[in-house]
Amino acid sequence: MPYNRRAMDWKHWYEAGLDHIWLPYAQMKTMRPPLAVARTQGCRIALADGRELIDGIASWWTACHGYNHPHIRQAVDRQLAAMPHVMFGGLVHQQAMTLAQRLAALLPGDLDRVFFSESGSVAVEIAMKMALQYWINRGERGRTRFIAFKGGYHGDTTGAMAVTDPDGGMHDIFRGLLPEHVIADLPTDAASADALELVLARHAESIAGLIVEPLVQGAGGMRFHDAATLKRLREIADRCGALLVFDEIFTGFGRTGTMFACEQAEVLPDIITLSKALSGGTLPLAATVARRHVFEAFWSDDPAKALMHGPTYMGNALACAAANASLDLFEREPRLRQVAAIGSQMAQELAACRGLPGVRDVRVMGATGVVEMERIGDLAALRARFVEEGVFVRPFGRIIYLTPPFTIEAHELSRLTAAIVKLVRQGAGQET
Ligand SMILES: Cc1ncc(COP(=O)(O)O)c(C=O)c1O
Numbered sequence: 181m182p183y184n185r186r187a188m189d190w191k192h193w194y195e196a197g198l199d200h201i202w203l204p205y206a207q208m209k210t211m212r213p214p215l216a217v218a219r220t221q222g223c224r225i226a227l228a229d230g231r232e233l234i235d236g237i238a239s240w241w242t243a244c245h246g247y248n249h250p251h252i253r254q255a256v257d258r259q260l261a262a263m264p265h266v267m268f269g270g271l272v273h274q275q276a277m278t279l280a281q282r283l284a285a286l287l288p289g290d291l292d293r294v295f296f297s298e299s300g301s302v303a304v305e306i307a308m309k310m311a312l313q314y315w316i317n318r319g320e321r322g323r324t325r326f327i328a329f330k331g332g333y334h335g336d337t338t339g340a341m342a343v344t345d346p347d348g349g350m351h352d353i354f355r356g357l358l359p360e361h362v363i364a365d366l367p368t369d370a371a372s373a374d375a376l377e378l379v380l381a382r383h384a385e386s387i388a389g390l391i392v393e394p395l396v397q398g399a400g401g402m403r404f405h406d407a408a409t410l411k412r413l414r415e416i417a418d419r420c421g422a423l424l425v426f427d428e429i430f431t432g433f434g435r436t437g438t439m440f441a442c443e444q445a446e447v448l449p450d451i452i453t454l455s456k457a458l459s460g461g462t463l464p465l466a467a468t469v470a471r472r473h474v475f476e477a478f479w480s481d482d483p484a485k486a487l488m489h490g491p492t493y494m495g496n497a498l499a500c501a502a503a504n505a506s507l508d509l510f511e512r513e514p515r516l517r518q519v520a521a522i523g524s525q526m527a528q529e530l531a532a533c534r535g536l537p538g539v540r541d542v543r544v545m546g547a548t549g550v551v552e553m554e555r556i557g558d559l560a561a562l563r564a565r566f567v568e569e570g571v572f573v574r575p576f577g578r579i580i581y582l583t584p585p586f587t588i589e590a591h592e593l594s595r596l597t598a599a600i601v602k603l604v605r606q607g608a609g610q611e612t
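In my numbering, the protein residues as written are 181 to 612.
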């Protein structure tokens, strides 16, 4: 069969590939077959079999402007013609330099030194390495541990797993095999703040930094906390002299209602990690951004004080072009107003779940809406039911949530919330 005809016959590539692909977060033996996607457009996912789904997840929170936005496509096309990629060792290019400058201008305070990488987990690894070496470069070799928080998630690489809450998380089985850090309760009130102070008093000399997802702990259960919690963390970090790392890989670029979650708290971290919506959901890109005093610890005549890190695809020109175009859209289009409108619509429409049997909580922050169940017995069955309703919603743990593209139309969002309300009324996933 000629190559083109084969490519059009989706069942051919689908079935031939199934014996070779290894999918994320999936027991390959028992999982339901994945959905084959042919195209995306706006807030829609077109399946190869002809069905169309309204996307409630924005491809793991990346596609903030919807899919295939013409402005991003044009920017990537232009960049592809000029230069798709060039190594970043000893070479730089306009897209990365412009993006670094724009991020520095957009981020609060003196968060102005940008180190690029290609995934969120790697950005977290780099933040941790930066914090560790910050202390080594300053002559304090004993600061080797981090304080991270229950309910937190920072990625799937080894270092990031070690600061992710092992309890109920996906990295349980690696307990004891990873570097040991301190996993504490978030200081959400005076009592938990006192408890954290006690933990710190015991470990102060050995703590390099604290790492937290500000305002929303995403993959750990879409848990929300308030600005006061972040203020307490800043004070506590300052008291023990540790660096404060905000992982804004989920929260960055408008998801919580402001461009960055740290703005709502008016708290400046020492290091911030960004990814996901950074490239508008088009290409893999991440950034670890440090404040001036962190960078200064590396600024030296001594080569040993340099940050020895350099992912091969660091600063990829296509990804940086997409990110620059994404930032244009944040400037030109009313994204934060759209986030606010999505938030109020979700709050209104998901409120119908409140009080239904099996519902533990309904909450909304920015463009994130959550229905927390007492339990979901059969996640796979529930996910399949959503597809039957014509929507892509991917519950996990006991959480049903929406993080739609910010460009979603009100009637599309209503389809998503209506599907949730309907399935929760029907006892969503209660069956085992
Ligand atoms: C807060 C946070 N940090 C880090 C990561 C890891 O990012 P990636 O999957 O790109 O490695 C994620 C991914 O969900 C995340 O939500």
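Idealized CB from N, CA, C, for every residue including glycine.
Quick caveat: nothing in here was measured; it's all calculated off a predicted structure.
- According to the DSSP secondary-structure assignment, L227 is paired through a beta bridge with V217.
- Counting C-beta atoms within 10 angstroms of its own C-beta, T344 has 16 or more neighbours from the protein chains shown and is therefore classed as buried.
- Across the set Q528, Y333, R565 and S455, the C-alpha of R565 shows the shortest separation from the C-alpha of R212.
- Going by DSSP, E305 is part of no beta strand (DSSP E) but of the alpha helix (DSSP H) stretching over G300 to N317.
- Within 7 Å of the C-beta of W240 there is at least one heavy atom belonging to ligand 1.
- Distance between T492 and I451, taken at the CA atoms: about 22 Å.
- Counting the other CB atoms within 10 Å of its CB gives R219 a total below 16, which places it among the exposed residues.
- Here S297 is bridged, per DSSP, to A466.
- With a 10 Å radius around the Cβ and a threshold of 16 neighbouring Cβ atoms, W202 comes out exposed.
- Straight-line measurement puts the Cα of E428 at about 11 Å from the Cα of V469.
- Remark: the shortest separation between the CB of F440 and any heavy atom of ligand 1 does not fall under 7 Å.
- Here the C-alpha atom of V551 lies approximately 48 Å from the C-alpha atom of K485.
- In the structure shown, Y493 adopts coil according to DSSP, grouped into three states.
- Taking one beta carbon from each stretch, the region 541-550 and the region 570-587 have 3 or more pairs nearer than 8 Å; the two touch.
- Taking A520 as reference, the option from V571, W241 and T436 with the minimal CA-CA separation is T436.
- Relative to ligand 1, F430 has its C-beta within less than 7 Å of a heavy atom.
- For V474, the enclosing alpha helix (DSSP H) starts and ends at R472 to E476.
- Taking C-alpha positions only, E529 is separated from V542 by approximately 11 Å.
- In the DSSP assignment, I588 falls outside any beta strand (DSSP E) and carries neither an H nor an E.
- Counting of Cβ neighbours within 10 angstroms places Q444 among the buried residues, the total reaching 16 or more.
- Ligand 1 approaches Y333 closely enough that one of its heavy atoms is under 7 Å from the residue's Cβ.
- Collapsing the DSSP output to three states places M350 in coil.
- Shown here, L559 sits in a helix according to DSSP, grouped into three states.
- Pairing A311 with A388 gives a Cβ-Cβ distance under 8 Å.
- Fully enclosed alpha helix (DSSP H) runs of no fewer than 4 residues occupy 407-420 of the region 399-429, in order along the chain.
- Collapsing the DSSP output to three states places E360 in coil.
- With contact defined as three or more Cβ pairs closer than 8 Å, the region 512-527 and the region 294-303 are not in contact.
- Relative to ligand 1, even the nearest heavy atom lies 7 Å or more away from the CB of A328.
- If the five residues before and after T242 are omitted, its C-beta is found closer than 6 Å to the C-beta atoms of K456, A457 and G461, all from its own chain and listed in chain order.
- S455 has its Cβ nearer than 7 Å to a heavy atom of ligand 1.
- Judged by their CB atoms, C223 and T453 are not nearer to each other than the 8 Å cut-off.
- Distance check between T210 and each of V567, G607, A561 and E568 places A561 closest, using alpha-carbon atoms only.
- Assigned with DSSP and collapsed to three states, T278 falls in helix.
- If you ignore the 5 residues before and after L463, its C-beta comes within less than 6 Å of the C-beta of L498, A499 and A502, all in its own chain and listed in chain order.
- At a threshold of 7 Å, G546 does not count as near ligand 1, since its beta carbon sits no closer than that to any of the ligand's heavy atoms.
- The three-state reading of DSSP puts F566 in helix, counting H, G and I together.
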